[in-house]
């Protein structure tokens, strides 16, 4: 399988619409947030099937995404 090049993109958190917010004279924009979109048949070929639970290990400058097993423990490569 080949490596993929992705980019961290700009997204926004969705804030719930409240009557107080709707009546507010000043507009409050949704907070900006970085996001990464992973989409493609290559995910299926890598065994990341639709509705598969995942674990994400977060480290500085690194995300490790693995398929979780039925007990919530991620599968480890053999």
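Numbering (the numbering used here), first residue to last: 105 to 182. From the three backbone atoms N, C-alpha and C, an ideal C-beta is built for every residue, glycine too.
- As computed with DSSP, residue 149 is found in no beta bridge at all.
- Rounded to the nearest whole angstrom, the CA to CA distance from residue 142 to residue 108 is 10 Å.
- In chain order, 158, 160 place their CB closer than 7 Å to the CB of residue 169, counting only its own chain and leaving out the 5 sequence neighbours on each side.
- Sequence-distant Cβ neighbours of residue 113 in its own chain, meaning closer than 6 Å and more than five residues away, are 139.
- Following the DSSP letters along the chain, one finds residue 159 inside the beta strand (DSSP E) bounded by residues 158-163.
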